[in-house]
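Participant: Count the sequence shown with the numbering used here and you get residues 2 to 323, in order.
Ideal placement from N, C-alpha and C gives every residue a C-beta, glycine not left out.
Keep in mind that this is a model prediction, so the values were computed, not measured.
Right, I'll just put the structure down here and ask away after.
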Amino acid sequence: MDFLKNASIKTRLWVIMCTMALLILFGGAIGLNGIAMTNDALDRTYKDSLKPTNMISRIMLLMDENRVHIMLGLQQDPQNHYPKTEDNKNSVHIHTTAITNNLNKITTLLGEYKKKQLTSEEQDLTNLYTIARTQYVNDGLIPAVKALKETDFQKTNEIFLNKINPYYKNVNLRANALLQQIGETAKNNYKEASERFTLIRNILIYGTLFGILFVSISATLLIRSIVRPLNKAVTHFKHIAEGNLDEDISISSKDEIGQVLTGLAEMQGKLKIMIGELDQLAGTDKLTGAWNRRRFEETVETEMDRLRRYGQRLSLMILDVD
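And the structure:
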C-alpha cells in the first residue's frame, strides 16, 4: 500500500490494468483447461465404458453361437427326424470348426479386456467370470466338440444337457454381474467428471465475481486517491486566491498530485515572504526605516478602535528628527 501510495498515477493505472489482464488470462486459462479436462473425462468415460461392454457382449454372443452350433450338430443325428440338407460329417465339421474359431476369438477378446485398467471390483468379477468360463469350456464345450466329431450324438446330447447348459447359465450370470459393474464404474466416472465440471464452473463464476470486486475496489481506491488530493489542492488554491497564506498544506504522497501540493506549498511560502517585504516597504521610510504616513494612519486607526472598545488610555508622541 505504501508503494501504491507513493507511486505515480501512471504507475498505479498500469498496476491495475496489468492485474486485471492477469486475472482475465488466469480465468480464461482455467476455463479452457477445465472445459478440455471435462470433455476429455466425459469422452474417456464413454469410451472406457463402451469398449469393455462391447467386448463382454461380443464374448457372450460367441458363447451363445457355440451352443447353437452344438444344437445344430445334434440335428445331424440319424435318429432325429429333422430334415437334413447336408452330409452329416460335412455339417458336423462345419459346426465344430466354427466352435473352435469362436473359442479362439473369445480367448483373444478376453485377453484384450484383461489388459485394460480395471477397478478392484471389476477385477474380482472378471476372475470369477474367467473361472466359470474355463469350467464351461473344459468340462462342457470341448468334450462335446470331441464327441460330436466322433459322431457320438448321444454322448454329445448328455454333455449338452448336463454340462453345457448349467455351466453356460453360470457364465451368463457372471457376465451380467460384470456388465453391471462396468456400468456402475462408468456411472461413477461420469459423476466424478460432472463434479469436476461443477467445480470448474464455480471457480470461473467466483473468479469472475472476485475479479469484478477487485476491479471495483481498486477503481474506488484509485479515484479516492486522485479526487481527494485534487479537491484539497483546489481548496488551497482558493484560499491563496483569497489572500489566506497561513493555511498549512499537508502532503501525504509523492505522486503527481503530491508534487503539485509541494509546489503549491513552496509558492505559498514565497508569496508570504514577498507580501511581507512589500508590506514593509509600503509602511516605512526607505532612508530612515521609520513609519511613513500610511503606516502611521493605519496604526492610529487601530489604536483608536481599541480605545473605543476597551476604554484604554492612549498616548501619542511624535519626534521630529529635524
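(1) Start and end of the alpha helix (DSSP H) containing N177?
(2) Where does T285 fall in DSSP's three states?
(3) Out of N158, M318 and V235, which one is the CA nearest neighbour of R68?
(4) Taking Cβ to Cβ, would you say E356 is nearer than 8 Å to Q182?
(5) Just to confirm before moving on: does the CB-CB distance between L110 and I165 stay below 8 Å?
(6) Which of helix, strand or coil does DSSP assign to M305?
(7) For T303, collect the residues of the same chain with a Cβ closer than 6 Å to its Cβ; drop the 5 residues on either side in sequence, then sort them by chain order.
(8) Pull up the distance between the alpha-carbon of T86 and that of Q76, whole angstroms please.
(9) Can you round the beta-carbon distance between G259 and I252 to whole angstroms, since I take them to be within the 8 Å contact cut?
(10) Give every residue of the same chain whose Cβ lies closer than 8 Å to the Cβ of T98, excluding the five residues on either side of it in the sequence, and list them in chain order.
(11) Is the Cβ-Cβ distance between M64 and I107 less than 8 Å?
(12) Closest to T20 by CA distance: which of L119, G277, E267 and F211 is it?
(13) Looking at C-beta atoms only, is the number of pairs between the region 135-155 and the region 173-191 that lie closer than 8 Å three or more?
(14) Using DSSP's beta-bridge definition, name the partner residues of W292.
(15) Could you check which residue in A234, L119, T221 and E243 has the C-alpha nearest to that of N190?
(16) Taking buried to mean at least 16 other C-beta atoms within 10 Å of its own C-beta, is N103 buried or exposed?
(17) CB F161 to CB D78, shorter than 8 Å?
(18) For S251, which three-state DSSP category applies?
(19) Between the region 168-177 and the region 130-138, can you find at least three pairs of beta-carbon atoms closer than 8 Å?
(20) Exposed or buried, which one is L149 when buried takes at least 16 other CB atoms within 10 Å?
(21) Which residues in the same chain as T127 place their Cβ atom closer than 8 Å to its Cβ, once the five residues preceding and following it in sequence are excluded?
(22) Please go through the same chain and pick out, in chain order, the residues whose beta-carbon is closer than 7 Å to the beta-carbon of E66, but skip the five residues on each side of it.
(23) Within 10 Å of its beta-carbon, does L62 have 16 or more other beta-carbons around it, so buried, or fewer, so exposed?
Facilitator: On the basis of the coordinates in this document:
(1) Translated into positions along the sequence shown, residue 177 becomes position 176. N177 -> alpha helix (DSSP H) spans N166 to A242.
(2) In the sequence shown, residue 285 corresponds to position 284, counting from 1. Strand, per DSSP.
(3) If you number the sequence shown from 1, residue 68 lands on position 67. Nearest of N158, M318 and V235 to R68, Cα basis: N158.
(4) Because the chain here runs from 2 to 323, residue 356 falls outside it and cannot be looked at.
(5) Along the sequence shown, one-based indexing puts residue 110 at 109. Along the sequence shown, one-based indexing puts residue 165 at 164. Contact flag unset, no.
(6) Translated into positions along the sequence shown, residue 305 becomes position 304. Helix at M305.
(7) For the purposes of this step, residue 303 is taken as residue 302 along the sequence shown, with counting starting at 1. Nothing meets the Cβ criterion.
(8) The sequence position of residue 86 within the sequence shown is 85, counting from 1. The sequence position of residue 76 within the sequence shown is 75, counting from 1. Any reading at T86 is ruled out, since the residue's pLDDT is 48, under 50, leaving its predicted position unreliable.
(9) For the purposes of this step, residue 259 is identified with residue 258 of the sequence shown, where counting begins at 1. For the purposes of this step, residue 252 is identified with residue 251 of the sequence shown, where counting begins at 1. That pair is a contact at about 5 Å.
(10) Translated into positions along the sequence shown, residue 98 becomes position 97. So no residue of the chain qualifies.
(11) On the sequence shown, position 63 is the one that residue 64 refers to. On the sequence shown, position 106 is the one that residue 107 refers to. A contact, by the Cβ cut-off of 8 Å.
(12) Indexing the sequence shown from 1 puts residue 20 at position 19. Here the closest residue by C-alpha is F211.
(13) no
(14) Here residue 292 corresponds to residue number 291 of the sequence shown, with the count starting at 1. BP columns for W292 point to T285.
(15) For the purposes of this step, residue 190 is taken as the residue at position 189 of the sequence shown. Measuring from the Cα of N190, the nearest candidate turns out to be L119.
(16) Numbered from its first residue, the sequence shown carries residue 103 at position 102. When all chains shown are included, N103 counts as buried.
(17) Counted from its first residue, the sequence shown places residue 161 at position 160. Counted from its first residue, the sequence shown places residue 78 at position 77. No, the pair does not count as a contact, with Cβ atoms beyond the cut-off.
(18) Position 250 of the sequence shown, counted from the first residue, corresponds to residue 251. It is coil, neither helix nor strand.
(19) yes
(20) By 1-based counting over the sequence shown, the position of residue 149 is 148. So L149 counts as buried.
(21) Taking the sequence shown and counting its residues from 1, the one referred to as residue 127 is at position 126. Excluding sequence neighbours, T127 sits near Y114, K115, L119 and L179.
(22) The residue given as residue 66 occupies position 65 in the sequence shown. The answer, listed in chain order, is N103.
(23) The count along the sequence shown starts at 1 and reaches residue 62 at position 61. By the neighbour-count rule (16 or more Cβ atoms within 10 Å), L62 is not buried but exposed.
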